[in-house]
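Residues in the sequence shown are numbered from 116 upward in steps of one, following the numbering used here.
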Amino acid sequence: MAEDKRPLKQFITKWEQETLAPALEQMAERQDNFETVSRIPLKRVYTPAPDQDYQEQQGMPGLFPFTRGVQPTMYRSRFWTMRQYAGFGSAEDTNKRYHYLLEQGQTGLSVAFDLPTQMGYDSDHPMARGEVGKVGVAISSLADMETLFHGIPLDKVSTSMTINATAATLLAMYCVLAEKQGVELKQLRGTIQNDILKEYVARGTYIFPPRPSLRLVTDIIAWCAEKTPRWNPVSVSGYHMREAGATAVQEAAFTLANGLEYCKAAISAGLDINKFAPRVSFFFAAHSHILEEVAKFRAVRRLWARLLRERWNASDKSCRLRFHTQTGGVTLTAQQPDNNVVRVAYQALAAVLGGTQSLHTNSRDEALSLPTQESVTIALRTQQILAHESGVADTVDPLAGSYAIEALTDEIEGRAAGLIQRIEDMGGATVAVERGFMQDAIAESAYRYQQDLEQGKRVVVGVNKYTEETADKPHLLRVDPELGHQRAKALARFRQKRDNKKVESVLAALRQAAKGTTNLMKPVLDAVRAQTTVGEISDALRTEFGEHDHLTT
116 MAEDKRPLKQ FITKWEQETL APALEQMAER QDNFETVSRI PLKRVYTPAP DQDYQEQQGM
176 PGLFPFTRGV QPTMYRSRFW TMRQYAGFGS AEDTNKRYHY LLEQGQTGLS VAFDLPTQMG
236 YDSDHPMARG EVGKVGVAIS SLADMETLFH GIPLDKVSTS MTINATAATL LAMYCVLAEK
296 QGVELKQLRG TIQNDILKEY VARGTYIFPP RPSLRLVTDI IAWCAEKTPR WNPVSVSGYH
356 MREAGATAVQ EAAFTLANGL EYCKAAISAG LDINKFAPRV SFFFAAHSHI LEEVAKFRAV
416 RRLWARLLRE RWNASDKSCR LRFHTQTGGV TLTAQQPDNN VVRVAYQALA AVLGGTQSLH
476 TNSRDEALSL PTQESVTIAL RTQQILAHES GVADTVDPLA GSYAIEALTD EIEGRAAGLI
536 QRIEDMGGAT VAVERGFMQD AIAESAYRYQ QDLEQGKRVV VGVNKYTEET ADKPHLLRVD
596 PELGHQRAKA LARFRQKRDN KKVESVLAAL RQAAKGTTNL MKPVLDAVRA QTTVGEISDA
656 LRTEFGEHDH LTT
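Here is the structure:
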């Protein structure tokens, strides 16, 4: 019994000398150094951290700093929202997919819009040619939005919309549709992404320069705080930066830096932090390194809480970081696509172990095309098996206390905090975006990762190891190439039937409002009620704001 009371350091040294050293002489380790995808060195074995303040660092679920979760009971009370991202072709096509997914047990909707809709072009615009309905649903008018949600009561479902540059217009359409259904706006639940800063960094579906774009984001936050109190007016998204090549640490840091920028903009516009911050949500990726991903989710929760408390003395409710997760699209492979089912399952496990509030699981064929109905069903079943059969939802933060998880949580928080401070020293996220700081850092990380793959330092099964000469070609979903022509004809009929003098009037009012400082949500809503299209509203704002050209910025 006396030996059990030896100091920990002495105990570890004896283990290294008497047990580890002989084992290494017999069989060397697989490689000299082990590290996460973010190049955080991984110790051979983790031991208790000396003098760590449990209450300060980990705490309890539902209590500041929320390391262990934002609710005291987490999934023991309610599973995460199973929100499969979907949208393709016409509004009719996507509406059928939504009804199918809801019938299969999906618990929230998530709308993918096509590129023309995201970029502020109607389906009949020359810039939309060849892109209509390809990577999401084509929405140009309120009539399209009515078709998209036909038979779906908006007071009974939570809807997420991945839309940024045209977020005000699509939110306005959703709200007007709710009014037509007889649903009060205060009943609406859901999220609009509305995170324009990351578009300049990683995704590219921006229209206007950063400053007027930030004004639109702020106007939406202010309007939602008053009119749609259950709606999340912004989903600060690290997912797309991770897709572009960011490490887990960069994803954490750049996302929270953007979140701080939106908070500062809203406060500068006169909003109280505790009026809007409780409805600010986040969106992260879940990749395959389970330990790093779980630690990342715990670290961002804690770091966000501390940042808001230190800077604005925000309330506990405001400090709670709630987030949606999507499994890593960039990790999916065209080679041996069935392997993607396994990747997605592990990534979903990491998201749940990390305490996500909602989850999208990618489909096995998304490296090749939009997912088929069969593939979407497997992806949804992955979540359902995880929820009902794995047992990981039965205990809150089940990996808490793991020496490795706690050490990685601390490490990621520290590294992310350092990056955030660098951005703040520049003047904040907008300045960092304008200088290309985030873009350059992500590009460098993506390059280093690609080098690791090509040199065999990292293995992707089926790509640079365990490859096959031939593989069966799966059935792929194809969007009707004639859809653009069909949509153009439908839009022509739509414009003929409306009051075009009214359209001209509301667009003139929108342009005038854009010249001043008034909140733009009201004139956008007026334009939607007058049957004005996404492209027409965007063009009115283009006239006043101009367009962003990253090559000359």
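Built from N, CA and C at the ideal position, the CB exists for glycine as well.
- The alpha carbon of T343 has as its nearest neighbour, out of D654, F203, V298 and L474, the alpha carbon of V298.
- Per DSSP, G533 lies in no beta strand (DSSP E); the unbroken alpha helix (DSSP H) holding it starts and ends at Y518 to M541.
- Beta-bridge analysis with DSSP links P156 to E150.
- Taking 8 Å as the upper bound for CB-CB distance, Q199 and H439 are not in contact here, some 12 Å apart.
- Closest by C-alpha distance to R394, out of A359, S430, R421 and P638, is S430.
- Secondary structure note for R198: its beta strand (DSSP E) is the uninterrupted segment T196 to A201.
- Between I535 and A359, the C-beta spacing is not below 7 Å.
- Beta-bridge analysis with DSSP links T277 to A227.
- Rounded to the nearest angstrom, the Cβ distance from T370 to F397 is 6 Å, consistent with a contact under 8 Å.
- Taking A607 as reference, the option from D239, R183 and Y190 with the minimal CA-CA separation is D239.
- For K580, the beta-bridge partners assigned by DSSP are V576.
- Here A253 is buried. Its C-beta has 16 or more other C-beta atoms within 10 Å.
- The C-alpha of L468 is placed about 13 Å away from the C-alpha of E521.
- Our two residues, A410 and T632, have alpha carbons roughly 42 Å apart in a direct line.
- Going by DSSP, R437 is part of the beta strand (DSSP E) stretching over R437 to T442.
- DSSP places I493 in no beta strand (DSSP E) but in the uninterrupted alpha helix (DSSP H) bounded by Q488 to E504.
- Taking the C-beta atoms as reference points, F149 is found no nearer than 7 Å to L139.
- Per DSSP, reduced to three states, the secondary structure at G305 is strand.
- Taking every protein chain shown into account, the CB of Q441 has 16 or more other CB atoms within 10 angstroms, so this residue is buried.
- S350: member of the beta strand (DSSP E) spanning V349 to S352, first to last residue.
- In the three-state scheme derived from DSSP, where H, G and I count as helix and E and B as strand, L514 is classed as coil.
- DSSP, read as helix, strand or coil, puts S396 in strand.
- Residues of the same chain with a CB within less than 8 Å of the CB of G245, apart from the 5 flanking positions on each side, are G599 in chain order.
- For A494 and M197, the gap between their C-alpha atoms comes out near 10 Å.
- Proximity to R458 across G470, T471 and N477 peaks at N477, based on C-alpha coordinates.
- Assigned with DSSP and collapsed to three states, H402 falls in coil, not helix or strand.
- When the alpha-carbon of T524 is set against those of I500, R417 and Q554, the nearest one is in R417.
- A Cβ-Cβ distance of about 19 Å is found for the pair D387 and V351, leaving them out of contact under the 8 Å criterion.
- Distance between E376 and G543, taken at the CA atoms: about 6 Å.
- Beyond the five residues adjoining it in sequence on each side, S256 comes within less than 6 Å, by CB distance, of F609 and T648 in the same chain, given in chain order.
- Distances from the alpha-carbon of H404 to those of C290, R573, L178 and R644 put R573 closest.
- Residues of the same chain with a CB within less than 7 Å of the CB of K580, apart from the 5 flanking positions on each side, are V574 in chain order.
- In this model, N389 and C434 are separated by some 9 Å (Cα to Cα).
- Annotated as distal: V316 and M276, with beta-carbon spacing of 7 Å or more.
- When DSSP reads this structure, W346 sits in a beta bridge with G305.
- Nearest neighbour of A258 by Cα position, chosen from A605, A628, A624 and K637, turns out to be A605.
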